[in-house]
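Here is the structure we will look at, set down as structure tokens.
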């Protein structure tokens with residue numbers, strides 16, 4: 403019986419995120435101030451008060467989600483949580499991997515904020531708007547979606563970006579290819595194939611320029627081995643070496659987020675509870691669909707923090 407902390411990815415942001423934490427806890431307020439300082443702007447004002455279209459921009463949503471996750475972590479640590487002794491593993495969905503690594507001590511808070519700003523800008527700039535696309539395919543197996551992407555690749559790059567579990571896969575690539583794959587998936591019996599309102603084809607080969615930008619950025623920051631092993635997105639297996647983790651973060655920009663396999667790995671290796679640290683509860687819902695034996699707990703409010711600390715510290 404062990405515990406893992408998971409950290410949400412893009413899509414979990416919402417105007418007002420972190421505001422209650424900042425008003426309730428000095429530690430949370432300090433996290434938001436440090437992130438603002440690292441970025442040289444008041445990201446916290448956009449998080450607390452919007453506008454939504456500014457918060458949703460990739461370059462803002464990524465550090466904002468990390469900031470809320472780290473605010474929760476710092477509050478819990480100030481109240482006696484020792485990550486190293488209480489948490490067996492950490493994992494994060496896409497950008498959440500950076501939040502997980504910040505929580506586990508691999509990167510400083512300021513460096514993580516700057517890395518995610520670079521990542522967001524680089525991902526946005528990698529492909530001209532309108533040339534890439536993503537689609538959610540509901541109700542087909544992984545192998546079938548892989549085959550559909552292969553068949554559609556005559557129209558351009560197309561691949562599985564996220565395997566979220568529960569019969570939900572997200573594909574990404576050139577717009578024409580993704581549209582073709584979505585149509586083929588429907589023919590193959592998918593319950594739904596939905597084009598997603600995203601600004602870039604994340605986790606596809608078209609993100610190669612962003613991968614190069616992250617290789618350069620990650621080479622320059624100080625890194626430490628995490629205090630708890632990271633279950634890496636592209637490997638769905640534990641990694642503890644900081645240098646290897648940096649290589650996998652580069653690979654992750656163009657590679658598949660293997661979230662279903664990550665949760666299955668937890669289940670096969672004695673993890674009984676996943677605490678989702680930060681905004682929203684998307685990962686908690688996914689965990690329930692992937693493995694009924696794992697309980698998911700979302701921690702993003704003062705009441706959630708009190709309940710989680712009572713369970714973790716006894």
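In our numbering, the protein residues as written are 403 to 716. Glycine included, each C-beta is placed from N, C-alpha and C at the ideal position.
Under the three-state DSSP convention, the category residue i falls into
i: residue 550; result: helix
i: residue 407; result: strand
i: residue 671; result: coil
i: residue 632; result: strand
i: residue 567; result: strand
i: residue 461; result: helix
i: residue 536; result: strand
i: residue 654; result: helix
i: residue 412; result: coil
i: residue 531; result: coil
Other residues of its chain near residue i: CB distance less than 7 Å, five sequence neighbours each side excluded
i: residue 595; result: 537, 539, 584, 587 and 588
i: residue 593; result: 540 and 541
i: residue 579; result: 554, 555, 557, 558, 559 and 560
i: residue 651; result: 499, 616 and 620
i: residue 454; result: 417
i: residue 366; result: Since the displayed the chain opens at 403 and closes at 716, residue 366 lies outside it and no answer follows.
CB contact flag (residue i, residue j, <8 Å)
i: residue 707; j: residue 474; result: yes
i: residue 641; j: residue 657; result: no
i: residue 574; j: residue 544; result: no
i: residue 503; j: residue 647; result: yes
i: residue 406; j: residue 701; result: no
i: residue 665; j: residue 693; result: yes
i: residue 507; j: residue 628; result: yes
i: residue 523; j: residue 461; result: yes
i: residue 445; j: residue 451; result: no
i: residue 441; j: residue 519; result: yes
i: residue 577; j: residue 527; result: no
i: residue 430; j: residue 423; result: yes
i: residue 714; j: residue 486; result: no
i: residue 623; j: residue 563; result: no
Cβ neighbours of residue i in the same chain (closer than 6 Å, five flanking residues each side left out)
i: residue 498; result: 409, 410 and 411
i: residue 501; result: 409, 468, 471 and 494
i: residue 463; result: 412 and 415
i: residue 611; result: 528
Burial state of residue i (16 or more Cβ within 10 Å)
i: residue 477; result: buried
i: residue 484; result: exposed
Close-in-space but distant-in-sequence residues of the same chain around residue i (CB under 8 Å, 5 per side omitted)
i: residue 654; result: 496, 499, 605, 634, 635 and 636
i: residue 505; result: 407, 409, 471, 472, 475, 485, 492 and 679
Return the chain-ordered ranges of every alpha helix (DSSP H) run that is complete within the region 477-501 and spans a minimum of 4 residues. 485-488
Uninterrupted beta strand (DSSP E) stretches inside the region 569-636 (no shorter than 3 residues): 570-576 and 594-597
Could you give the uninterrupted runs of the alpha helix (DSSP H) lying entirely in the region 659-714, keeping only those of 4 residues or more? 661-670 and 684-692
Alpha helix (DSSP H) runs contained entirely in the region 416-460, provided each spans 4 or more residues: 421-426, 428-441, 445-451 and 454-458
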